[in-house]
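If you read the protein sequences in the order shown, they are chains A and B. For the first sequence, position 449 matches number 449 in my numbering, and the numbering has no gaps at all. For the second sequence, position 327 matches number 327 in my numbering, and the numbering has no gaps at all.
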Amino acid sequence: MMGGLVILWTDALVFLLLLFVGAFGVYAAGKEHLRGPWRLVVRSRVGVSTLVILSFYVAVGLLDSVHFEPSYVADPQAQDRVQSTEVVSLFDRLVLPLRERQEKTYSAPLATHLYAKENIEQPGGTMIRDYPRLQYGGAHLANPAQDWAGDVLRLSLIGLVKGLVLTLVLANILFALLAPRRAGGFAGAAREVLTGKGQIPWRSALITLGLLLMVLLWAVELSGRYHLLGTDKVGEDVFYQALKSIRTGLLIGTLTTLVMLPAAILLGIMAGYFRGWVDDLIQYTYTTLNSIPGVLLIAAAILMLQIYMSNHADEFDSLVERADLRLLFLSIILGVTSWTGLCRLLRGESMKLHEVDYVQAAVAFGVGHFQIIVRHILPNVLHIVLITVVLDFSGLVLAEAVLSYVNIGVDPTMNSWGNMINSARLEMAREPVVWWSLLAAMIFMFTLVLSANLFSDVVRDAFDPRLRSSR
Amino acid sequence: MSEILLKVENLQTWLGSGEHPVRAVDGIDLQIQKGETFALLGESGCGKSMTALSLMRLLPPAGRIVGGDVYLGKTALLELPEYAMREERGGRMAMIFQEPMTSLNPVLTIGRQIGEAVKIRDGGDRRAVAQRVVELLHSVGIPDPVRRVGEYPHQLSGGMKQRVMIAMALAGRPELLIADEPTTALDVTIQAQVLALLKELQQQTGMAILLITHDLGVVAEVADRVAVMYAGQIIEQASRDRFFDNPQHPYSRKLFQSLPDAGKRSRRLAVISGNVPPLNQVFTACRFIDRCDRAFEDCEMAPGWTELAPGQGVRCHLAGFQDAVSIVELPEVEHAPVNAGSSPGSNQEPLLQVEQLKVHFPIHKGVFKRTVGHVRAVDGISLSIDPGKTLALVGESGCGKTTVGKGILQLVRPTAGTVRFAGDEMTRLKGSALRSRRSALQIIFQDPVASMNPRMLVGDIIEEGMKAQRIGRTAEQRRARVTELLGQVGLPDDSASRYPHEFSGGQRQRICIARALAVDPKLIICDEPTSALDVSVQAQILNLLKMLQNSRGLAFLFITHNISVVAYLADEVAVMYLGRIVERGEVGQLLAAPRHPYTQALLSAVPVADPRSKHEVIRLEGDMPSPANPPAGCHFHPRCPFAMPRCRERYPDLNRLGDGRQVSCYKVEQEEA
C-alpha cells in the first residue's frame with residue numbers, strides 16, 4: 001500500500017527542528033535556570049490548557065509532514081506497480097474519506113443538497129431545476145427533509161459520548177500513573193487531580209483535553225456522513241482544507257524562526273560583545289535591511305521564484321514539491337526580514353552583559369572571547385531568545401494569512417488559511433453568500449493564535465526575572 | 001514632657017500569602033515625640049523599611065498589615081479610608097527615599113514636581129505656588145533657586161536631587177518626616193551636607209524625623225533616640241547617649257565590636273556568626289539565639305520586652321541582670337599577628353609600579369561620531385605597592401578610583417602611562433601574552449550578586465580561572481583544589497555543586513575571593529568589596545582578607561570610600577580627587593593629620609559611631625565637578641576653603657614632604673617652605 005517515502009525540504013527542516021527542540025529539552029533539564037521557568041509554565045492553568053490545544057495542532061502538523069508516494073496497482077493482472085506522481089502525507093491517509101469524497105461544487109455545512117441549482121433528470125425523463133442531492137454528504141438519508149435533524153443530533157450525541165468516555169479512560173490512566181507517587185494511591189491521586197490541589201493543574205489539562213476530544217470526536221462522527229464545514233467551489237471538503245492548513249501555518253511560524261535564529265543570535269551577540277567596527281557593520285546592515293519594506297522584499301523574492309519555477313518546471317516531480325519549495329522560500333524570506341528585531345535586543349543585552357562584573361572577572365582570568373560568549377553571554381540571553389520565538393510565532397501565522405491574501409504567500413495549490421481567506425473574497429461577493437470557508441479558516445486560526453498568545457504570555461511571565469520576585 | 005506625635009502599637013506586617021508568609025514586621029511598639037529625631041537602626045532585611053512603608057500605608061502589593069495600631073497625634077492611621085490617608089501622606093507625614101535618582105520624574109522640571117506637591121497642600125494661584133517653590137528650594141540650601149526651578153533632574157547631582165526630594169517632602173509642612181536611608185547612596189561629604197540640612201530644618205520647623213539607617217555613625221551624629229531592629233522586632237531602645245555608652249543587647253554590642261577602626265588593627269574583628277533567620281516562621285525561641293554567644297537555656301523561650309528606664313528597654317533575658325551584663329567583659333577576641341613577615345623599609349622592587357597612568361574616554365557627538373572631548377577619568381596617577389602590603393585608594397564616587405583598578409588590570413586600556421607588574425610592562429602586552437600573565441593580578445568586585453554568572457555552579461565558577469590559566473592538569477586535581485579553596489574561605493564542601501543564588505551576600509563575596517585565589521595571584525584589587533554588605537558581614541570578609549594576606553603574602557589594592565575600613569586594613573593610603581592623587585602617605589600618619597584640604601574635609605565628614613567625639617565637620621560647598629570638564633588649575637580650588645590665586649592657574653605638583661608623605665597643594669608647600 002505504502003510507496004516510497006518522500007522527504008520534502010520542509011519535512012526535513014521540521015524534523016531537524018524537532019531534533020533541536022529535543023536536544024534543547026535535554027540540555028534544559030540539566031539546568032535549573034531553564035527548568036525552573038518551564039516548571040512554572042506547566043504549573044499555570046492557562047499554560048497547561050493551551051499546551052493541550054497546541055499539542056493537538058502540532059500532532060496534526062507532524063502527521064502531515066510525513067510524505068510518501070502511494071503506489072497503486074494499475075492493472076491487477078500485470079502485477080505492475082505504478083508510481084503515481086502524487087505525494088500524500090500520513091495525515092491524508094488517516095482522513096482519506098474526507099479527501100476523496102469530492103462533491104461537484106459549493107455545499108453548505110452539514111448540507112444534503114448542493115448550494116447551486118442544477119438541471120436534474122427525473123426518473124420520468126423530465127428535467128427540473130432544483131438543488132441536487134450531494135453525492136456523499138447525507139447520502140445515507142432516505143428522506144433528508146425529515147430525517148436530517150434527528151440524524152445530526154444522533155451523530156452529535158454519539159460523538160460527544162465517545163469523547164467523554166475517552167476522556168474518562170485517559171483520566172483513569174493518568175490517576176494510575178500518578179498513584180505510585182502519591183500517598184493515597186489511586187484514590188488519593190484522583191482526589192488530588194479532581195480537587196485541583198496538586199502543583200500541576202491536571203484538572204485544567206483534563207478539562208481542556210475533554211473538551212477537545214469531545215469536539216474532535218463530534219467532528220469525526222459528523223464528517224463521516226456529512227461535510228462538516230461544507231465544500232468549496234470545486235467540491236472539496238472545507239474541514240479537510242482547514243486541517244491541512246495547520247501544517248502550513250505551523251511551518252511558517254516555526255521554520256522562519258529556525259532560519260533567522262542563527263543569524264540573529266550570532267550577529268546580535270557579536271555586535272554587543274565586540275563593539276567597535278563589528279558593531280557598526282552589523283548595526284548598519286540591519287538598519288539598512290529594516291528600511292526596505294518587508295512586503296516589497298517578499299513580493300520580489302516570491303515573484304522571482306515563481307518565474308524560476310515556471311521556467312524549470314521539469315525539475316519538480318510533483319505539484320506538492322513545487323508548493324513546498326515556495327513555502328520554504330517564503331519562510332526564508334520572512335526570516336530575513338524578521339531577524340533584525342531579535343538581533344537588536346540581543347545586541348543591547350550582550351552590551352549590558354559585557355560590562356557585568358562576572359564577564360569582567362572572566363576577562364581578568366584570561367578566558368578567551370569564544371569561551372566568554374559561549375559560557376557567560378549566550379546562557380544569559382537565552383531567555384530573550386525563547387520569549388521572542390514564542391511571541392513571534394502567532395505574528396508569523398497571521399503574516400502568512402495576509403501574504404497569501406495578496407497573492408505573495410504560499411502556492412495557490414497549497415492549503416493554507418490565507419488561501420482560504422483569499423478565495424473567500426469572491427465567495428463573499430456572491431449571492432447567496434458562501435461564508436463557511438472564511439469561518440473555518442477563522443476558527444482554526446483564531447484557536448491557534450489565541451492559544452499561542454496565551455501560552456507565550458505564560459512563558460514570558462515565567463522567564464521574566466522581575467515578575468519572579470513578586471510571586 | 002513633650003507631646004507624643006507618633007505612636008505605634010504592636011504593628012505587624014506580613015509579605016506574601018500562602019502557608020509561610022514573611023513576617024517582615026512582627027510586633028513593633030514605638031513612640032516618637034514632637035521635634036525629636038528617632039533612629040531605627042538595623043541591618044538589611046530586618047524589616048526597617050517595611051516598618052516605614054507600613055506607617056505610610058505604601059506597602060508593595062504582596063504586603064499587608066495584619067495587626068496593630070498607628071496613631072499620628074490622635075488620628076488612627078490604619079483605620080483611615082484611602083482618600084483620607086492621602087491627605088496625611090505628604091501632609092502631616094512625608095517620606096524621603098534612599099535613591100534620589102529614581103524618586104524624581106526625569107521628564108518634568110523640578111519646579112513642576114515640587115509645585116505639584118505645593119498645589120495639593122496650599123492650593124492657590126500659580127504665582128503663589130511658584131513663590132513657595134522657590135522658597136522651599138531656598139530652604140533646602142539649593143543655590144540660585146530661581147534658575148533651578150526650570151531644570152530637569154538629570155541636570156542636578158545626587159546630593160541636589162536628595163535636597164529636591166526633601167523640599168517636596170517639606171511642601172506639606174509635615175510634622176513627621178520619615179527618612180529611609182536618606183544618605184546611603186551619597187558620598188560622605190554630601191552625606192554631611194544632607195544630615196546638617198535635616199538637623200537645621202528640624203530646628204526651624206520643629207518636625208520629628210524618623211531616620212531609618214544601618215549606619216551607626218549617622219545615628220551617633222543626628223539621632224536623639226535609637227531603636228535597634230533585628231528580624232522584624234525592636235530588640236533595644238534607648239536614648240542616643242545611653243545606647244552608645246552602654247548597649248544592652250548582645251546583638252547591639254556585637255555591632256559595635258564588628259566596626260573596623262584603627263584601634264583594632266592588630267586584632268581580628270568580632271563577627272556575628274551565621275545569618276539573620278528567615279522570617280517566614282513563627283519564632284518560639286529568641287530570634288538571636290543561633291548567633292548569640294551568651295545564649296543559655298532560657299533563650300529557648302522568646303524574651304519579652306524589659307523596660308529598664310523610661311524610654312529605655314531591651315528584649316533579652318539578660319536584661320534583668322543588667323549589672324551582670326555590663327560587668328562581665330565580652331570574651332576577648334582572638335589575636336592574630338598582622339604583617340608579621342614584612343620588614344619595613346626593605347628596598348626590594350615594588351610588586352606593582354604605576355607611573356602617570358591616564359585613562360581618558362572619548363566623548364563622541366554627531367552622525368560621524370566625531371570626538372569632541374575626553375572624560376579624564378584617570379589623569380596621571382602614580383603609585384606603587386610592595387609585595388604583601390595593602391594600599392588603599394580612597395575617594396568619592398566619580399573620582400576615577402574604579403577606573404584605576406580596571407586600568408591596572410588592562411580591563412580598560414590606559415590612554416597613557418606605564419603599569420609595571422612583577423617585571424612586565426602590562427600596557428604593552430597583548431593577546432595570549434597578556435592572558436598568560438593575568439593569573440598574578442586579580443580583582444574582587446563590589447557587588448557579589450553581579451560578579452558571578454547566575455547560570456553556573458559555584459564549582460565551575462571557581463574552576464573557570466584555573467582552566468583558562470591551565471592550573472591543575474586533570475579535572476580531579478582542579479576539583480580537589482576547589483574544595484581546598486572553599487575550605488580556606490570558610491564555606492562548606494558541598495558549596496561547589498550549588499548555584500550562587502543559594503548563598504547570602506557575604507558567602508557570595510567569599511566565593512568571589514576563592515575564585516580570585518584559585519589562580520594564585522600576588523596582587524588582588526579589591527574594588528569596594530564590603531560596601532554592599534552589612535557591618536557584621538563586612539567584619540567577616542575583612543578578617544578573611546587579613547588572614548589570607550598573612551598566610552599567602554598577598555598584596556592588596558583596596559579601593560574604597562569607607563575610611564574606617566582603610567584605618568583597619570591599609571598600610572598606605574592614597575586619596576584621589578577628580579582623577580588625580582592629592583595626598584598619599586602611611587596610614588596612621590595620614591588619617592591622624594591630613595594635610596591636603598580635601599583630605600581634611602573628607603575625613604571630618606565621616607560620621608563617627610561615638611556621639612561624644614565632638615569633631616568639627618568641614619563642610620565643602622557644592623559637588624565634584626565633571627571629569628569631562630575639570631576646573632583650570634587645582635581641580636579642588638572651587639570648593640577649597642583655602643584657595644589662593646595661584647590655585648586657579650596651575651595644578652600643583654605632588655611633592656614629598658619631610659615626613660615622607662606626598663601632597664599636591666600650594667598651601668602645604670607654603671607651610672613647609
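All C-beta atoms, glycine included, are put in the ideal place defined by N, C-alpha and C. Nothing here was measured: the structure is a model prediction, and the numbers come from that model.
Taken in chain order, the unbroken stretches of alpha helix (DSSP H) that lie wholly in the segment 38-98 of chain B and span 4 residues or more are 48-56 and 82-88.
If you look at B/F368, you'll find it isn't in any alpha helix (DSSP H); DSSP assigns it neither H nor E.
Its Cα nearest to that of A/V449, the residue A/D392 stands out among A/V60, A/I408 and A/D392.
Exposed is the label assigned to B/K430, since fewer than 16 other Cβ atoms lie within 10 Å of its Cβ. Per DSSP, the unbroken alpha helix (DSSP H) holding A/D461 starts and ends at W436 to F463. A check of alpha carbon separations from B/L457 across B/P303, B/I234 and B/R515 identifies B/R515 as the nearest. In this structure the segment 368-381 of chain B touches the segment 577-595 of chain B; the number of beta carbon pairs closer than 8 Å is three or more. Beta-bridge partners of B/M576 (DSSP): B/I581. Chain-order list of chain B residues neighbouring A/P37: empty, with the shortest C-beta distance near 13 Å, by a criterion of under 8 Å. Contact holds between the segment 599-617 of chain B and the segment 236-255 of chain B, because three or more Cβ pairs, one in each stretch, are under 8 Å apart.
Neighbourhood of B/E464 in chain A, by CB distance below 8 Å: A362, F365, V367 and R375, in chain order. Between A/N419 and A/V433, the C-beta spacing is not below 9 Å. Per the DSSP secondary-structure output, B/Q353 pairs in a beta bridge with B/S384 and B/R420. Fewer than three beta-carbon pairs drawn from the segment 119-129 of chain A and the segment 243-257 of chain A are found closer than 8 Å, and the two stretches are therefore not classed as touching.
Non-local C-beta neighbours of B/Y71 in its own chain, meaning closer than 6 Å and more than five positions away in sequence, comprise K7, ordered along the chain. Contact with chain A is found for B/R437, since one of that chain's Cβ atoms lies less than 9 Å from the residue's Cβ. Scanning its chain for C-beta atoms nearer than 6 Å, with the 5 sequence neighbours on each side dropped, one finds around B/N543 the residues R268 and L269, in chain order. DSSP places B/L557 within a strand segment (E or B) once states are collapsed to three. The C-beta of A/V165 comes no closer than 9 Å to any C-beta of chain B.
Using a CB distance cut-off of 9 Å, B/Y499 counts as an interface residue toward chain A. For A/P379, the chain B residues whose C-beta falls within less than 7 Å of its own C-beta are R455, listed in chain order.
In the DSSP assignment, B/S239 falls within the unbroken beta strand (DSSP E) covering Q233 to S239. A/A190 counts as buried, since at least 16 other C-beta atoms from the protein chains shown sit within 10 angstroms of its C-beta.
With contacts defined by Cβ atoms closer than 9 Å, B/Y598 and B/R648 do not form a contacting pair. DSSP, read as helix, strand or coil, puts A/I265 in helix. Along the segment 273-302 of chain B, there is no position whose C-beta sits under 8 Å from a C-beta of chain A. Shown here, A/Q283 sits in a helix according to DSSP, grouped into three states. Assigned with DSSP and collapsed to three states, B/M229 falls in strand. With contacts defined as CB atoms closer than 9 Å, B/L545 and B/V566 fail to qualify as a contacting pair.
Contacts with chain B at 9 Å (Cβ-Cβ) include A/Y358.
Relative to A/Y106, the option among A/K233, A/V169, A/D317 and A/A361 whose CA is nearest is A/K233.
B/A76 is positioned such that its CB atom lies no closer than 9 Å to that of B/M50. Per DSSP, B/N105 is not a residue of any beta strand (DSSP E), being assigned neither H nor E. Annotation for B/L255: the continuous alpha helix (DSSP H) segment containing it runs P250 to S258. In terms of Cβ geometry, B/E528 and B/I190 do not form a close pair [threshold 9 Å]. Secondary structure at B/K406: helix, using DSSP grouped into helix, strand and coil.
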